[in-house]
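J.:
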Amino acid sequence: MSDAAMVDLDRGDGIAWLRLNRPHRLNALTTEMRRELLGTLEAVRADPPHVLVVTGNGRGFCAGQDLGERLGQVERGEEIDLRASLVDTYNPVIRALGDLPCVTLAAINGVAAGAGIGIALACDIAIMARSATLALAFGKIGLAPDAGVSWRLARQLGEARALALMLSSAVIGAEQAMSWGLASQLAEDDMLDTEVVALARQLATGSIDAQLATRRLVRNPSAHLDDQLVREAEEQGALGRTGYFQNRLRSFSAKA
Ligand code: LHQ
């Protein structure tokens with residue numbers, strides 16, 4: 244498998260598709276694959292599309308850490324340093340995804356487990372196929388949630404519900420994920436790509452400056468309303484000077 248790309252990047256007109264590509268392992272992440280993913284995200288940052296779609300090849304989105312790789316280390320008597328894995332590759336992937344200068348859209352085509360959930364939730368928008376699931380698999384193998392999952396679920400679902408789900412290694416179905424706001428759109432399995440393309444095209448007509456400002460305000464809110472009001476005013480001040488805003492004003496008044 245080492246010669247084949249484990250992460251594919253297809254660039255189109257304003258929309259790029261990043262596909263995790265170890266389908267026979269439900270796109271479980273090896274160290275080499277995480278490095279490849281980081282390199283791909285750097286390439287996207289250097290030459291960003293308007294919208295990046297993140298998805299998985301085959302029937303899974305991403306099954307989290309490749310357990311075979313870890314078992315190999317255990318059996319060879321090697322030291323297991325999960326902290327180093329997180330610091331060196333997982334955390335940079337989550338940070339890079341959350342900070343790309345493009346809108347990111349997770350097309351959750353199948354199971355997202357463990358750190359795979361972290362990748363999905365690091366994207367700005369998640370669309371889930373009806374048969375897809377979020378498997379909080381960490382506890383089953385004696386680990387705690389990582390890749391930002393503990394933070395995001397507690398923030399999104401509230402501490403009590405998030406803790407109960409994580410402690411019981413729950414599997415969250417797509418309809419449940421939708422009703423809890425973890426995904427914002429549900430697609431029939433065979434319509435996922437079509438709906439993703441439609442949304443991506445619509446997003447690509449928007450102002451990227453406004454979209455990135457919106458992400459900054461929502462993803463990293465201030466603790467106090469007064470501080471957020473100041474930040475909103477600063478962001479809006481900059482957006483008011485963009486050509487996009489000024490052109491929209493012109494076309495609005497031309498219609499009137
Ligand atoms: C896999 C995997 C996998 C390898 C399916 N690895 N092969 C951890 C450690 C280090 C640092 C940082 O952070 C983390 C965070 C984590 O990500 S912890 C969570 C790790 N992931 C898991 O524990 C998930 C393990 N997989 C499963 O529980 C199931 O496979 C799920 C629920 C994902 C899917 O179940 P099924 O749809 O029934 O598929 P399957 O189990 O038959 O899997 C298909 C194949 O994929 C199979 O291989 P095979 O050769 O038998 O066809 C699996 O062995 C392989 N696979 N996940 N993580």
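With this note's numbering as the guide, the letters of the sequence shown map in order to residues 244 to 499. Where is the CB? At the ideal position from N, CA and C, for every residue including glycine.
Can you give me the Cβ contacts of residue 270 inside the same chain, cut-off strictly under 6 Å, excluding the 5 residues immediately before and after it?
T.: Here residue 270 refers to the residue found at position 27 when the sequence shown is read from its first residue. Same-chain partners within the cutoff: 263, 299, 303, 305.
J.: Using three-state DSSP, classify residue 455 as helix, strand or coil.
T.: Position 212 of the sequence shown, counted from the start, is the residue given in the question as residue 455. Helix, per DSSP.
J.: Answer yes if the region 309-319 comes into contact with the region 393-400, meaning at least three C-beta pairs across the two stretches below 8 Å, and no otherwise.
T.: With the cut-off at 8 Å, the region 393-400 and the region 309-319 do not touch.
J.: Below 8 Å on the Cβ atoms is my guess for residue 295 versus residue 259; work out the distance and round it to an integer in Å.
T.: Residue numbering aside, residue 295 sits at position 52 when the sequence shown is read from its first letter. Residue numbering aside, residue 259 sits at position 16 when the sequence shown is read from its first letter. So it is a contact: roughly 5 Å between Cβ atoms.
J.: Taking only the alpha-carbon atoms, compute the straight-line gap between residue 244 and residue 406 and give it to the nearest angstrom.
T.: Position 1 of the sequence shown, counted from the first residue, corresponds to residue 244. Position 163 of the sequence shown, counted from the first residue, corresponds to residue 406. Any reading at residue 244 is ruled out, since the residue's pLDDT is 43, under 50, leaving its predicted position unreliable.
J.: For residue 439 and residue 372, what's the separation of their Cα atoms in angstroms?
T.: In the sequence shown, residue 439 corresponds to position 196, counting from 1. In the sequence shown, residue 372 corresponds to position 129, counting from 1. One C-alpha to the other measures close to 10 Å.
J.: Counting only runs that start and end within the region 265-345, where is the beta strand (DSSP E) found for 3 or more residues in a row?
T.: Counting only runs of 3 or more, we get 294-299, 303-305.
J.: Would you call the region 356-368 and the region 329-342 in contact, with 3 or more CB pairs under 8 Å?
T.: They touch, by the three-pair rule.
J.: What do you reckon, is the C-beta of residue 315 under 8 Å from a heavy atom of the ligand LHQ?
T.: As a position in the sequence shown, residue 315 is number 72, starting the count at 1. Residue 315 Cβ: outside cutoff for every heavy atom of the ligand LHQ.
J.: Report all residues from its chain with a CB closer than 6 Å to the CB of residue 297; omit the five preceding and five following residues, and keep chain order.
T.: Sequence index remark: in the sequence shown, residue 297 carries index 54 (1-based). Excluding sequence neighbours, residue 297 sits near 261, 349, 366.
J.: Please classify residue 276 as buried or exposed, where buried requires at least 16 neighbouring CB atoms within 10 angstroms.
T.: Counting from one through the sequence shown, the residue named residue 276 turns up at place 33. By the 10 Å Cβ count, residue 276 comes out buried.
J.: CB of residue 419 to nearest heavy atom of the ligand LHQ: below 8 Å?
T.: Within the sequence shown, the letter at position 176 stands for residue 419. Incorrect: residue 419 has no Cβ contact closer than 8 Å to the ligand LHQ.
J.: Run through DSSP, which three-state label would residue 484 get?
T.: The residue you call residue 484 lines up with position 241 of the sequence shown. Three-state result, residue 484: coil.
J.: Whole angstroms is fine: what's the gap from residue 401's alpha carbon to residue 369's?
T.: For the purposes of this step, residue 401 is taken as residue 158 along the sequence shown, with counting starting at 1. For the purposes of this step, residue 369 is taken as residue 126 along the sequence shown, with counting starting at 1. Those two C-alpha atoms are separated by around 19 Å.
J.: Is the beta carbon of residue 378 within less than 8 Å of some heavy atom of the ligand LHQ?
T.: The residue you call residue 378 lines up with position 135 of the sequence shown. Yes, the Cβ of residue 378 comes within 8 Å of a heavy atom of the ligand LHQ.
J.: Quick check: is any heavy atom of the ligand LHQ less than 8 Å from the C-beta of residue 351?
T.: Walking along the sequence shown from the start, residue 351 turns up at place 108. No, the Cβ of residue 351 stays beyond 8 Å of every heavy atom of the ligand LHQ.
J.: Per DSSP, what kind of secondary structure is residue 359 in: helix, strand or coil?
T.: Locating residue 359 in the sequence shown gives position 116, where the first residue counts as 1. If DSSP states are grouped into helix, strand and coil, residue 359 belongs with the helices.
J.: Just verifying my parser: in three-state terms, what is the DSSP assignment at residue 263?
T.: Within the sequence shown, numbered from 1, the residue matching residue 263 stands at position 20. DSSP places residue 263 in strand when its eight states are reduced to three.
J.: Tell me whether residue 265 is buried or exposed, calling it buried when 16 or more other Cβ atoms sit within 10 Å of its Cβ.
T.: Locating residue 265 in the sequence shown gives position 22, counting from the first residue. With 16 or more Cβ atoms within 10 Å of its Cβ, residue 265 is classed as buried.
J.: Do residue 381 and the ligand LHQ come close, with the Cβ less than 8 Å from some heavy atom?
T.: As a position in the sequence shown, residue 381 is number 138, starting the count at 1. Yes.
J.: State yes or no: is the C-beta of residue 268 nearer than 8 Å to some heavy atom of the ligand LHQ?
T.: By 1-based counting over the sequence shown, the position of residue 268 is 25. Yes.
J.: Where do the ends of the beta strand (DSSP E) carrying residue 254 lie?
T.: For the purposes of this step, residue 254 is taken as the residue at position 11 of the sequence shown. Residue 254 -> beta strand (DSSP E) spans 250-254.
J.: Which residue comes first and which comes last in the alpha helix (DSSP H) that contains residue 369?
T.: Looking up residue 369 in the sequence shown gives position 126. Where residue 369 is concerned, there is no enclosing alpha helix (DSSP H), although the beta strand (DSSP E) it sits in stretches over 368-372.
J.: What three-state label does DSSP hand residue 449 in the structure shown?
T.: The residue given as residue 449 occupies position 206 in the sequence shown. Reduced to three states, the DSSP call for residue 449 is coil.
J.: Which ranges would you report for the beta strand (DSSP E) in the region 372-433 if only whole runs of at least 3 residues count?
T.: As far as the region 372-433 is concerned, its whole beta strand (DSSP E) runs of at least 3 residues are 376-378, 414-416, 428-430.
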